[in-house]
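K.L.:
Below are the structure tokens for one structure; questions will follow.
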Amino acid sequence: MAGTEFGHALGRSRALSGLPAAPLVARYGELVSAQQALGLSHLGELLIPGGGRFRVLDGIFSVEGPGRRRHVGAQALRELRAGRADAEGGAGALLERLAGIQERDPAALRRILLYQLVRLLHEHPRGDLPDTAVGFGVDPDEAAALVHAADASPRLDAAGRAAAERLEDEWLAGRVRAAARSAAALPRAAAGGDPLLAGRLAGLAERVRAADALLDEARGHEDRPDRERAAAAYARAARVAWDCPRAVRGLIRTHRPAEGDPGPLEASPVPGGVALRRPAGADPDEIWRVVRLTRREPVTTPLPEVPGPLGAGPLTDRRAPLGREVRYVALPGDGGTPLISAPLLVAPEVTDLRLTDGRSRVGATWLRPPGATGVRVALTDPEGRTRDLGAPTAAEAADAADPAGAAYPAGAGSAGPDREGVRADGLAAGEYLLRVRCSYAGAGGEVVSSGVGAAVTVHPWPEPVTGLGARARGAGGLELRWSGGDGGDVRFVQWPEPAPAEGAELVASALPPALTWVDTAGIAQPPPGTLATVSAVSVLGERALAGPGVTVEAPEGVCGLTVRRTSGGRAKVSFDWPDGAGRVVVALTPDSGGERTEHPVARAVFLREGLELPVGPGAFRVTAYTAPRSAHAVAAAPRGAGQAVLPPDVAIAYRLLPGPRRILRRGPAVLRVSLLSPGGDPGSGLPDFVLVRAADGGGPRPHRPGDGAELCRVSGAELAASGTVEREILPHPPGGGPYAVRGFLLGGRAASVRLDEPSLTSLVVR
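Per the working numbering, residue 546 is the first one in the sequence shown, and the count goes up by one each step.
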């Protein structure tokens, strides 16, 4: 009956006489992934507008009306792409890819669509009905013929369908053995109605026979033995079927370097795989196919290809099995000499190994390669003894990079979240060798890498400063005293914030400059107004240890300081109040070496009441300075401005004694002048005492030495020599009457010597 066989009367040169059992399109898997991402059950849904119909028996046509249809070729696909709003999205990219497929092979797109429709019909529970095909968008005029042909086509299970869809990729890549395994998974009847598939399988069978014949020839040469001919035959077999394990393994087994060979393929483990480099003598224009062999794998295990070009840069095999021994073979495309690597244990080493040395210690940090199950660290001392440092931890990594948490660390950078590390303490100075090995889970147990080694020197370090104190010096400034710091120089610095912790290991070149106002003996003369924390650092060469600190302050002195004794054993202190100061401290230091006393005074009290202090009779040194700003600071003894001397208490007393009574009158009055010195030796420079009478005998009593006439003078030298001097005072001339007198001190230390006056009413000469 006409129309019951698919394509029986189509009459087109490219019409199919049977449905395709395999798509036979390169990278079909990628095409299906893009299709599924768009939610399409078959590619016809992308080619035909929603609700439209298409014909597929003698080519792909969109049905636009009764008797009207349009061929869907490469141009139509690009027009369809241009008309879509998402032309640059997934649908547009897929349409452009289909247009390229259509240009390379006009029958390929129809073959893909037919393959997908047949699969849908086979998987549908009502796939034997034309209405099912119509539901997929097939034109009703072709639905019955398509369903009839699909029902007669061989049905593929999941394994057969996967084999059918990867067959073309394996064929194009030259994976003959893999393609043969895929062909064996197809039903015997699959190629019966698919001429293209039948031709592909025939070509594949021919290449399999050629590879097997070359293997037989190679084994014959190997048995004789003729290694050179065996290697050549294995190489030809590998060129025919590069994924043949027997051919590649036989090539490795029989190959021997010959004169003029470019050299072996270079392979080295790196984090994340194995880096492959062609030898310098290899042809730079050659195209290589690189395969990997793993030791102790079955001979029939498929050979994995390392994707990517073996060019000027390294080719990295990122799927190399960790902990296994591998070899690589680079097969040339033009029949040249293959490149074979030496056996390699895939055990990458740690990277970014950083070493630090500290006080009697070394530290190491690194990055562990992916897949490593552990890391082993060994340390060899200057005498050649080796010890295991144990398994590293994250805490040790941070400690190894910056052991003291210092602001100026001697280490080389911070650990970071992905780093590991170890630290070895208690080491003597000298040269050490540290080696880090990685362990991996191999086929027969744990496998350990050869390791990365580096030399590190433990340098001598000074002892840390363990104690630091300060006290004020009588001569001004401060005296610093410390303990520890042996084996190095002790330097005094002021840290910027934050200061390192005590014992932190530092680089000497990174230290702040030494304080200029502290000498090597610890005598400090801080400038007035200084408030600073002085820290001690022990330094030996380029290595230093942070020590303790002490807060010191140099109060500012005051100007215009004067002091004088008043009555009642007190002294009046005057000075110019410094700007900005809230309190001032006045200190009294006895010259005799007694205890120093300090008297703080507030600004408001001083300006309102002044300042009088109780003093003893001896000499005092008076110092005035602004009160310290910190209660925890050691204040330096002020120097320069703000100092005065209060001499010992010295007084000169005088009395006017009436003359002795005689028969008719009294004799001349007697002036008695006495030197009083309760504060000790009055010293030199005593003033002269003068007795002055009123200018007019009956006038007012003198208030100043110039208010009258000088009656007598007692020199300071006389008083110092004898202590008491008496002089007669002649009475007023007859008829003149009594007159008033008064004593004064002139010259020498008149301002600092107290004049002890009697009652003014007694100072009358009669």
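Ideal Cβ positions, reconstructed from N, Cα and C, are used throughout, including at glycine.
By the DSSP assignment, the alpha helix (DSSP H) with V793 in it spans what residues?
P.N.:
Here the alpha helix (DSSP H) through V793 covers 790-799.
K.L.:
By the three-class DSSP mapping on this structure, what secondary structure does A567 have?
P.N.:
Residue state, collapsed to three classes: coil.
K.L.:
In the DSSP assignment, find the unbroken beta strand (DSSP E) run with A1126 in it and report its ends.
P.N.:
Counting along the chain, A1126 falls outside any beta strand (DSSP E), and DSSP gives it neither H nor E.
K.L.:
Assuming E539 contacts C983 under a Cβ cut-off of 8 Å, what Cβ separation, rounded to an integer in Å, is found between them?
P.N.:
There is simply no residue 539 to check, as the chain begins at 546 and stops at 1311 in what is shown.
K.L.:
Determine, using beta carbons only, whether G971 and S905 come nearer to each other than 8 Å.
P.N.:
Cβ atoms of G971 and S905: closer than 8 Å.
K.L.:
Give the C-beta separation of G1293 and L1231 to the nearest angstrom, bearing in mind that I take them to be a contact with Cβ-Cβ under 8 Å.
P.N.:
5 Å between Cβ atoms; contact.
K.L.:
Could you give the distance in angstroms between the alpha-carbon of G563 and the alpha-carbon of F681?
P.N.:
Cα to Cα, G563 sits roughly 20 Å from F681.
K.L.:
Taking the C-alpha atoms as reference points, what is the distance between H892 and L867?
P.N.:
A small correction: the amino acid at residue 892 is Ala; His does not occupy that position in the sequence shown. Distance between the alpha carbons of A892 and L867 is about 6 Å.
K.L.:
Can you grab the Cα-Cα spacing for the pair P816 / V1001, in whole Å?
P.N.:
Computed Cα separation, rounded: 24 Å.
K.L.:
Ignoring anything shorter than 4 residues or poking outside the region 1060-1138, list the alpha helix (DSSP H) runs there in chain order.
P.N.:
Complete alpha helix (DSSP H) runs here, min 4: none at all.
K.L.:
Does the distance from the C-beta atom of P1162 to that of D1194 stay below 8 Å?
P.N.:
Yes, the Cβ-Cβ distance between P1162 and D1194 is below 8 Å.
K.L.:
So, are the CB atoms of V1005 and A1049 less than 8 Å apart?
P.N.:
As written in the sequence, residue 1005 is Pro, which differs from the Val given in the question. Against a cut-off of 8 Å, the Cβ pair of A1049 and P1005 comes out as no contact.
K.L.:
Closest by CA to V524, which one among E751, E965, A1099?
P.N.:
Residue 524 is absent from the structure shown; the chain starts at 546 and stops at 1311.
K.L.:
Between which two residues does the beta strand (DSSP E) holding T882 run?
P.N.:
First-last for T882: undefined, no H or E at that position.
K.L.:
Could you check the C-alpha separation between L890 and D806 for me, to the nearest Å?
P.N.:
Rounded to the nearest angstrom, the two C-alpha atoms are 25 Å apart.
K.L.:
Could you check how far apart the C-beta atoms of L742 and G705 are, in whole angstroms? I think they sit under 8 Å.
P.N.:
The pair is not a contact, with the Cβ atoms about 12 Å apart (cut-off 8 Å).
K.L.:
Would you tell me roughly how many angstroms separate the C-alpha atoms of S1260 and G1021, rounded to the nearest one?
P.N.:
Each residue's Cα considered, the two are about 39 Å apart.
K.L.:
Among the residues of its own chain, which have a CB less than 7 Å from the CB of R671, if the five just before and after it don't count?
P.N.:
Around R671: T677.
K.L.:
Quick check on V785: does DSSP put it in helix, strand or coil?
P.N.:
Reduced to three states, the DSSP call for V785 is helix.
K.L.:
Mapping DSSP to helix, strand and coil, what is V577?
P.N.:
Three-state result, V577: helix.
K.L.:
Below 6 Å CB to CB, which residues in the same chain sit around E850 once its five sequence neighbours on both sides are set aside?
P.N.:
Cβ neighbours of E850 beyond the five flanking positions: V836.
K.L.:
Determine the direct distance from the alpha carbon of P1247 to that of R1110, and round the result to whole angstroms.
P.N.:
Approximately 24 Å between the Cα atoms of the pair.
K.L.:
What are the start and end residues of each continuous alpha helix (DSSP H) run of 4 or more residues lying completely inside the region 819-880, in chain order?
P.N.:
The qualifying runs do not exist here; there are none.
K.L.:
Is it buried or exposed for G747, if we count other Cβ within 10 angstroms and need 16 for buried?
P.N.:
In the sequence on display, residue 747 carries Ala and not Gly. It counts as exposed.
K.L.:
I'd like the list of long-range same chain contacts for K1117, defined as Cβ closer than 6 Å, with 5 residues on each side in sequence excluded.
P.N.:
R1109, T1111, E1157.
K.L.:
Who are the Cβ neighbours of L1085 in its own chain at under 7 Å, not counting the five residues just before and after it?
P.N.:
Same-chain partners within the cutoff: P1005, W1006, P1007, G1032, G1033.
K.L.:
DSSP three-state label for Q620, please.
P.N.:
Note: Q620 maps to helix in three-state DSSP.
K.L.:
On the three-pair Cβ rule with 8 Å, is the region 788-801 touching the region 756-774?
P.N.:
Yes, the region 788-801 is in contact with the region 756-774.
K.L.:
With a floor of 3 residues, list each beta strand (DSSP E) that falls wholly inside the region 970-1009, ordered by position along the chain.
P.N.:
Runs of the beta strand (DSSP E) inside the region 970-1009: 975-987, 990-993, 997-1003.
K.L.:
Report buried or exposed for L1291, applying the criterion of at least 16 other Cβ atoms within 10 angstroms of its Cβ.
P.N.:
So L1291 counts as exposed.
K.L.:
Would you mind working out which of W1027, P1071, G1019, T1134 sits nearest P1093, comparing C-alpha positions?
P.N.:
Selected option, being the one with the closest Cα: W1027.
K.L.:
Just how far apart, CA to CA, sit A783 and C789?
P.N.:
So the two alpha carbons sit approximately 7 Å from each other.
K.L.:
Taking 6 Å as the limit between beta carbons, can you name the residues of its chain near G916, skipping five residues before and five after?
P.N.:
Within the same chain, G916 has close Cβ partners L867.
K.L.:
Are V570 and E713 close, meaning C-beta to C-beta below 8 Å?
P.N.:
Yes, the Cβ-Cβ distance between V570 and E713 is below 8 Å.
K.L.:
Could you give the distance in angstroms between the alpha-carbon of D828 and the alpha-carbon of A812?
P.N.:
Approximately 18 Å, taken between the alpha carbons.
K.L.:
Compare the C-alpha of D879 against each of P740, V753, I832 and name the closest.
P.N.:
Of the listed residues, the one whose Cα sits closest to D879 is I832.
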